[in-house]
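Peer 1: Below is a structure I'd like to ask you about.
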Amino acid sequence: MTPSSSSPSVDLAPRAAADGRWSPRLVLLLIALAWPTQLLAAGGILGANATASVAQTFHTTQVVWFGLTLTLVTTLLTPFVIKLGDQYGKKRVMLAMMALGTLGEALAAVAGSFWLVLAGRAIAGFYGPFGALSFAAIRDLFPPRLVKQASGITGSSVGLVAIGSPFLAGWLVDNWGYRGTLWFLAAATAVAFVLVALLVPETPRYVFGSGFDWLGGLVLGGGLTSVVYAVGQGQSWGWSDSRTLGWLTAGAVALTAFFFVERSSDHPILDLGVLSRRPVALALTAGGLAQTVAFTMPGLAILLALYPHIPGVSAGLGWTAHHNAVVSVSWNVVMFGTGLLISRCLRTFDARRVWWVGLLVMAAGYTLVGFYHGGELELILTSCVANVGAGVVVATAPTLVVGVVSRDEQGLGSGMLNMLISLFGAIFTAVAYAILTSDSTVVEGTAFYQDTGYSWIFWFGAVVTLVALLLSLFIPTLRDPVEEDVAGADADDRVIRPGPAQATPSNAATTG
Numbered sequence: 291m292t293p294s295s296s297s298p299s300v301d302l303a304p305r306a307a308a309d310g311r312w313s314p315r316l317v318l319l320l321i322a323l324a325w326p327t328q329l330l331a332a333g334g335i336l337g338a339n340a341t342a343s344v345a346q347t348f349h350t351t352q353v354v355w356f357g358l359t360l361t362l363v364t365t366l367l368t369p370f371v372i373k374l375g376d377q378y379g380k381k382r383v384m385l386a387m388m389a390l391g392t393l394g395e396a397l398a399a400v401a402g403s404f405w406l407v408l409a410g411r412a413i414a415g416f417y418g419p420f421g422a423l424s425f426a427a428i429r430d431l432f433p434p435r436l437v438k439q440a441s442g443i444t445g446s447s448v449g450l451v452a453i454g455s456p457f458l459a460g461w462l463v464d465n466w467g468y469r470g471t472l473w474f475l476a477a478a479t480a481v482a483f484v485l486v487a488l489l490v491p492e493t494p495r496y497v498f499g500s501g502f503d504w505l506g507g508l509v510l511g512g513g514l515t516s517v518v519y520a521v522g523q524g525q526s527w528g529w530s531d532s533r534t535l536g537w538l539t540a541g542a543v544a545l546t547a548f549f550f551v552e553r554s555s556d557h558p559i560l561d562l563g564v565l566s567r568r569p570v571a572l573a574l575t576a577g578g579l580a581q582t583v584a585f586t587m588p589g590l591a592i593l594l595a596l597y598p599h600i601p602g603v604s605a606g607l608g609w610t611a612h613h614n615a616v617v618s619v620s621w622n623v624v625m626f627g628t629g630l631l632i633s634r635c636l637r638t639f640d641a642r643r644v645w646w647v648g649l650l651v652m653a654a655g656y657t658l659v660g661f662y663h664g665g666e667l668e669l670i671l672t673s674c675v676a677n678v679g680a681g682v683v684v685a686t687a688p689t690l691v692v693g694v695v696s697r698d699e700q701g702l703g704s705g706m707l708n709m710l711i712s713l714f715g716a717i718f719t720a721v722a723y724a725i726l727t728s729d730s731t732v733v734e735g736t737a738f739y740q741d742t743g744y745s746w747i748f749w750f751g752a753v754v755t756l757v758a759l760l761l762s763l764f765i766p767t768l769r770d771p772v773e774e775d776v777a778g779a780d781a782d783d784r785v786i787r788p789g790p791a792q793a794t795p796s797n798a799a800t801t802g
């Protein structure tokens with residue numbers, strides 16, 4: 291359901307009437323949304339740095355679940371988060387997610403066993419779908435002329451996070467082990483809660499007085515989770531094992547059943563009509579694949595840096611976390627700077643062409659990293675090439691979604707992109723660990739990886755990027771949010787005149 295005259299809280303006139311210039315209020319709003327969004331990226335970097343410490347503390351070969359547990363919960367919850375954000379307002383849902391995220395990371399930090407650590411990470415996973423709401427909130431709350439730029443800055447700021455997070459991770463891991471990273475994440479998530487509570491207004495609601503399709507959400511989330519779980523366990527169980535095949539089959543059956551459940555539901559959790567449109571399907575799939583590579587590959591590269599160098603046993607570089615942070619500054623600065631530049635260019639250049647160039651450069655970069663990663667200079671040069679492309683990708687991806695959906699479909703589009711990143715990320719990570727494990731040595735319960743495995747995971751990232759590029763070539767011309775919102779505002783003005791009970795530009799902009 292789209293906004294109607296009976297629902298004053300959905301009046302978009304204040305945002306549409308803005309002159310498109312940055313103000314102190316909009317800067318603070320962007321910070322309040324970017325901080326918790328990029329905390330997800332920081333959490334990935336901190337978690338990657340903590341992985342080796344977790345594996346050696348608990349002497350487990352199942353350390354992949356330190357990250358995948360969080361991804362599983364995120365994947366399961368994303369359909370519900372999308373719908374709840376449209377139905378009750380995104381701010382309320384964001385606050386609940388951050389509260390649970392804080393609790394989960396704190397529980398994992400105090401846990402005395404590996405399985406209790408995973409339980410805490412599962413609770414922390416409630417915070418994982420935050421990205422499904424934050425970019426949609428930008429579309430709701432910023433003037434149309436600033437939507438692309440604000441989205442680009444929020445996306446590209448992952449490069450800034452990547453500059454500081456390795457130093458922070460090195461300091462935390464080197465002094466307090468993995469527990470230090472978890473305590474930091476708990477505290478940072480609490481700060482994010484305060485920022486959103488104080489600075490972010492409530493967003494428009496796009497669904498009113500409708501029921502909630504719990505069955506559809508459970509079938510979709512359960513199906514996706516089953517697939518992720520099967521892929522995660524496939525290496526240890528065996529890909530032809532009945533358990534692996536059983537979970538894959540269960541996931542496929544659930545995902546097939548989801549389409550029938552949604553068709554018969556009066557209040558579907560996802561609008562399949564929107565997702566069946568070719569431009570939307572192409573943009574979401576290509577965007578999900580490319581961002582999966584951009585976000586996941588750096589974490590896998592950290593394994594190469596931090597695992598020890600033991601001839602014949604482990605081909606890691608044997609760096610400390612702090613040394614890795616110092617070396618990685620170069621390519622993270624490149625990524626952040628590229629993202630900022632691209633966010634400004636998106637107002638004048640065709641986002642599709644910018645996106646294509648970014649994918650080509652990222653694929654070439656990770657191909658080079660696969661060949662040349664044996665020392666500091668090699669990694670700096672090849673990773674800088676890859677991160678030029680990654681900077682373009684993370685800055686441009688939100689614009690792709692904005693350009694293929696209408697303003698009232700933005701929550702669905704961003705949510706589906708976030709869901710695909712989680713799904714693809716879990717599968718990508720599981721396949722990468724399977725590649726590494728296929729050429730590994732287990733010593734006292736800990737798996738150590740050889741150089742061939744490291745090379746192949748970088749080449750795997752390049753191949754996935756090229757697949758995203760191939761799909762992207764078929765994306766048609768994108769919509770301009772400025773033109774769409776002006777047209778929408780004109781149409782609303784012709785049909786619905788604001789009454790005294792409706793929100794005015796002055797009070798709606800400050801409602802929280």
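Each number in the working numbering corresponds to the 1-based position in the sequence shown with 290 added.
All residues carry an ideal CB built from backbone N, CA and C; glycine is no exception.
1) For the alpha helix (DSSP H) that contains Y656, what are its first and last residues?
2) Quick check: the Cα distance between S696 and L329, rounded to an integer number of angstroms?
3) So the beta strand (DSSP E) Y739 belongs to, where does it begin and stop?
4) Report all residues from its chain with a CB closer than 6 Å to the CB of A781; omit the five preceding and five following residues, and keep chain order.
5) When the distance is taken between beta carbons, is G578 closer than 8 Å to V371?
6) Taking the beta carbon of W537 as the centre, do at least 16 other beta carbons fall within 10 Å, making it buried, or is it exposed?
7) Which residues mark the beginning and the end of the beta strand (DSSP E) in which S555 is found?
8) Would you mind working out which of P419, D640 and G693 sits nearest V383, comparing C-alpha positions?
9) Can you tell which of G470, G375, D430 and L574 has its C-alpha closest to the C-alpha of A401?
10) Tell me the residue span of the alpha helix (DSSP H) that contains T365.
11) Please say whether S730 and Y739 have beta carbons closer to each other than 8 Å?
12) According to DSSP, simplified to helix, strand and coil, what is H599?
13) Hey, is the region 673-684 in contact with the region 716-723, meaning 3+ C-beta pairs nearer than 8 Å?
14) Going by Cα to Cα distance, which pick from A605, V757, L436 and F585 is closest to R634?
15) Comparing C-alpha positions only, which one of A322, I670 and R642 sits nearest to A478?
16) Going residue by residue through the region 424-461, where are the continuous alpha helix (DSSP H) segments of at least 4 residues, counting only ones entirely within it?
17) Along the chain, where does the alpha helix (DSSP H) containing S618 start, and where does it finish?
18) My understanding is that P280 touches V486, with C-beta atoms under 8 Å, so please give their C-beta distance in whole angstroms.
19) Which residues in the same chain as V776 place their Cβ atom closer than 6 Å to its Cβ, once the five residues preceding and following it in sequence are excluded?
20) Identify every residue that forms a DSSP beta bridge with V733.
21) May I ask you to report which of helix, strand or coil DSSP gives A482?
22) Within the same chain, show all residues whose beta-carbon is closer than 8 Å to that of W405, passing over the 5 residues directly before and after it, in chain order.
23) Taking DSSP's pairing of strands, which residues face A332 in a bridge?
24) Taking all protein chains shown into account, decide if P688 is buried (16 or more other Cβ within 10 angstroms of its Cβ) or exposed.
25) Can you check which of these residues, N465, P558 and L488, is closest to V509 by C-alpha distance?
26) Report the option in V754, G693, L761 and A752 whose CA atom is closest to the CA atom of K438.
27) For a test of the three-state rule: what should DSSP assign to S605, helix, strand or coil?
28) Is the beta carbon of L596 closer than 8 Å to that of N339?
29) First and last residue of the alpha helix (DSSP H) that includes I413?
30) Is A401 helix, strand or coil by DSSP?
31) Would you report the Cα separation of A412 and T638, rounded to the nearest angstrom?
32) With a cut-off of 8 Å on the beta carbons, I'd call G421 and N708 a contact; round off their distance for me.
33) Roughly how many whole angstroms lie between the Cα atoms of L408 and L514?
34) Considering S673, what are the terminal residues of the alpha helix (DSSP H) in which it resides?
35) Given a cut-off of 8 Å on the beta-carbon distance, is the pair S712 and T444 in contact?
36) What number of angstroms, rounded off, separates the C-alpha of G333 from the C-alpha of W461?
Peer 2: The answer reads as follows:
1) Looking up residue 656 in the sequence shown gives position 366. That run of the alpha helix (DSSP H) goes A641 to F661.
2) Walking along the sequence shown from the start, residue 696 turns up at place 406. Walking along the sequence shown from the start, residue 329 turns up at place 39. S696 and L329 have their C-alpha atoms spaced approximately 28 Å apart.
3) Working through the sequence shown from its first residue, we reach residue 739 at position 449. Y739 -> beta strand (DSSP E) spans T736 to Y739.
4) Here the question's residue 781 lines up with position 491 in the sequence shown. The predicted position of A781 is uncertain, since its pLDDT is 43 and thus under 50; a value taken from the coordinates is nonetheless stated next. Cβ within range, chain order: n/a, list empty.
5) The count along the sequence shown starts at 1 and reaches residue 371 at position 81. The count along the sequence shown starts at 1 and reaches residue 578 at position 288. It is not a contact, given that the beta carbons lie outside the stated cut-off.
6) The sequence position of residue 537 within the sequence shown is 247, counting from 1. Buried: at least 16 other Cβ atoms inside 10 Å.
7) Residue mapping note: residue 555 aligns to position 265 of the sequence shown, counting from 1. Neither: S555 is in no beta strand (DSSP E) and is coded neither H nor E.
8) Taking the sequence shown and counting its residues from 1, one reaches residue 383 at position 93. Ranked by how close their Cα comes to the Cα of V383, the residues P419, D640 and G693 have P419 in first place.
9) In the sequence shown, the residue the question calls residue 401 occupies position 111. In terms of Cα proximity to A401, the closest of G470, G375, D430 and L574 is G470.
10) Your numbering for residue 365 matches position 75 in the sequence shown. Taken as a continuous stretch (DSSP letters only), the alpha helix (DSSP H) holding T365 covers W355 to Y378.
11) Translated into positions along the sequence shown, residue 739 becomes position 449. Translated into positions along the sequence shown, residue 730 becomes position 440. Contact: yes.
12) Position 309 of the sequence shown, counted from the start, is the residue given in the question as residue 599. H599 falls in the strand class under three-state DSSP.
13) With fewer than three CB-CB distances shorter than 8 Å, the region 673-684 does not count as touching the region 716-723.
14) The residue given as residue 634 occupies position 344 in the sequence shown. Considering only alpha carbons, the answer is L436.
15) Taking the sequence shown and counting its residues from 1, one reaches residue 478 at position 188. Put simply, of A322, I670 and R642 the residue whose alpha carbon is nearest the alpha carbon of A478 is A322.
16) Taken in chain order, the unbroken stretches of alpha helix (DSSP H) that lie wholly in the region 424-461 and span 4 residues or more are 434-446.
17) Mapped onto the sequence shown, residue 618 falls at position 328. Note, S618: alpha helix (DSSP H), A611 to C635.
18) In this structure the chain extends from 291 to 802, so residue 280 is not present and cannot be described.
19) Within the sequence shown, the letter at position 486 stands for residue 776. Residue confidence for V776 is low, a pLDDT of 49 falling below 50, so the modelled location carries little weight; the figure read from the coordinates is stated next. In its chain, beyond the 5 residues on either side, no residue has a beta carbon closer than 6 Å to the beta carbon of V776.
20) As a first step, residue 733 must be located in the sequence shown, where it is residue number 443. Paired residues: T736.
21) Residue 482 sits at position 192 when you count from the first residue of the sequence shown. It is helical.
22) Taking the first residue of the sequence shown as 1, we reach residue 405 at position 115. Hits under 8 Å: none found.
23) Along the sequence shown, one-based indexing puts residue 332 at 42. None; A332 has no bridge partner.
24) Indexing the sequence shown from 1 puts residue 688 at position 398. Counting of Cβ neighbours within 10 angstroms places P688 among the buried residues, the total reaching 16 or more.
25) Against the sequence shown, residue 509 aligns to sequence position 219. Ranking N465, P558 and L488 by Cα distance to V509 puts P558 first.
26) Translated into the one-based positions of the sequence shown, residue 438 becomes position 148. Nearest C-alpha to K438 among V754, G693, L761 and A752: G693.
27) The residue given as residue 605 occupies position 315 in the sequence shown. A small correction: the amino acid at residue 605 is Ala; Ser does not occupy that position in the sequence shown. Note: A605 maps to strand in three-state DSSP.
28) In the sequence shown, counting from the first residue as 1, residue 339 sits at position 49. In the sequence shown, counting from the first residue as 1, residue 596 sits at position 306. Yes.
29) For this step, residue 413 is matched to residue 123 along the sequence shown. Segment F404 to A414, the alpha helix (DSSP H) holding I413.
30) The residue given as residue 401 occupies position 111 in the sequence shown. Correct three-state label for A401: coil.
31) Locating residue 412 in the sequence shown gives position 122, where the first residue counts as 1. Locating residue 638 in the sequence shown gives position 348, where the first residue counts as 1. Each residue's alpha carbon lies about 43 Å from the other.
32) Start at 1 with the first residue of the sequence shown, and residue 421 comes out as number 131. Start at 1 with the first residue of the sequence shown, and residue 708 comes out as number 418. Yes, G421 and N708 are in contact; Cβ-Cβ is about 5 Å, under 8 Å.
33) Position 118 of the sequence shown holds residue 408. Position 224 of the sequence shown holds residue 514. When rounded, the distance between both Cα atoms is 19 Å.
34) Locating residue 673 in the sequence shown gives position 383, counting from the first residue. E666 to V694 is the span of the alpha helix (DSSP H), which, as asked, contains S673.
35) Here residue 712 is taken as the residue at index 422 of the sequence shown, counted from 1. Here residue 444 is taken as the residue at index 154 of the sequence shown, counted from 1. Contact check for S712 against T444 fails: the beta carbons are separated by 8 Å or more.
36) Here residue 333 refers to the residue found at position 43 of the sequence shown. Here residue 461 refers to the residue found at position 171 of the sequence shown. Between G333 and W461, the C-alpha separation is close to 15 Å.
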